[in-house]
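For the sequence shown, the working numbering gives the first residue as 15, with consecutive numbering after it.
Yeah, the Cβ is synthetic: ideal placement off N, Cα and C, and Gly gets one too.
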Amino acid sequence: MDKVVIFGNSFFAESIYFYLQHDSDYQLIAFTVDESHITSESFHDLPVVAYEKLEKYYPPTEYKLFIPLGYERLNKLRAEKYYDAKKRGYGFISYISSKANHHNISVGENCLILENSIIEPQVIIGDNCILAGGNYIGHHSIINNHCFLASHVVFGGRVVVGEYSFIGMNATIRNAINIGKENIIGAGSIILSNTEDQAVYSPGETPKFQVPSNLIHI
């Protein structure tokens, strides 16, 4: 059983704590954050230690890390912490929900795949990726390192997503599409052709109807 230190003390880190506590065999030992972000000595009855001093308390020879940071700076913050910890000798866990449906897939380290996701065979997911709940990933798709997929994204088969990309809720990517590196695919986007690096897609907000609700008969 791996002994695990979770990076973070945010709402997201708190959610991940509950997933690991109730749906994994990992032994949760502590939380770690940058020293400037420590607000208390404990979090959910586990100690909180300064990331800068982590080796002193939890050496990489005995403990593994999980860094479930969000998509800040287009996933660059999570990547920076991941590479720094790796340089310091730490290994990483990945968590795949027991309620995710998957067969014959490859998943890298420090990855998070939440419940009700369906991942078809021959999918490859790189390192340091986050897939929120309810995603559908078609066969032979490739999600490269440091990507973030929000909830209910749908991929056809053979989609390739470049590094550091963010794909928002309810986005749909047609089969055999290549998404460039560092893309932002906004919520509700429909992508039917290949995208360039650093492309941004946003279908916009649904317009407000110019009649108040009390005049609408339903």
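Rounded distance between the beta-carbons of residue j and residue i, thought under 8 angstroms
i, j, result
"E129", "G147", "5 angstroms"
"V173", "N189", "7 angstroms"
"Y104", "K78", "7 angstroms"
"I187", "F169", "5 angstroms"
"P242", "I151", "The requested residue 242 does not occur in the structure, where the chain is confined to residues 15 to 232."
"Y40", "D59", "At roughly 16 angstroms, the Cβ-Cβ gap does not stay under 8 angstroms, so Y40 and D59 are not in contact."
"E177", "N159", "5 angstroms"
"P61", "E55", "7 angstroms"
"S179", "K195", "7 angstroms"
Environment of residue i [buried if 16+ CB atoms lie within 10 Å]
i, result
"S155", "buried"
"E210", "exposed"
"S207", "exposed"
"N89", "buried"
"N230", "Looking at the sequence itself, residue 230 is Ile, so the reference to Asn does not match. Answer is exposed; the Cβ neighbour count stays below 16."
"G22", "buried"
"G182", "buried"
"S50", "exposed"
"I204", "exposed"
"V214", "exposed"
"N197", "buried"
"N142", "buried"
Interface flag, residue i vs chain C, CB-CB below 9 angstroms
i, result
"L83", "Within the model displayed, chain C is absent; a lone protein chain is all it includes."
Nearest-angstrom Cα separation, counted from residue j out to residue i
i, j, result
"A201", "I157", "18 angstroms"
"I132", "G171", "12 angstroms"
"I20", "Q212", "30 angstroms"
"L42", "I52", "19 angstroms"
"P226", "A185", "30 angstroms"
"C125", "Y85", "13 angstroms"
"I28", "F57", "In the sequence under discussion, the amino acid at residue 28 is Glu, which differs from the Ile named in the question. Approximately 9 angstroms between the Cα atoms of the pair."
"V175", "I127", "16 angstroms"
"H36", "I232", "43 angstroms"
"I193", "F26", "26 angstroms"
"Y65", "L91", "14 angstroms"
Simplified DSSP assignment, three categories, for residue i
i, result
"L17", "Rather than Leu, the amino acid found at residue 17 in this sequence is Lys. It is a strand residue."
"S24", "coil"
"S29", "helix"
"H51", "helix"
"A44", "strand"
"N115", "strand"
"A146", "coil"
"L79", "strand"
At least 3 beta-carbon pairs within less than 8 angstroms: the region 117 to 133 vs the region 39 to 47: no
At least 3 beta-carbon pairs within less than 8 angstroms: the region 104 to 118 vs the region 85 to 95: no
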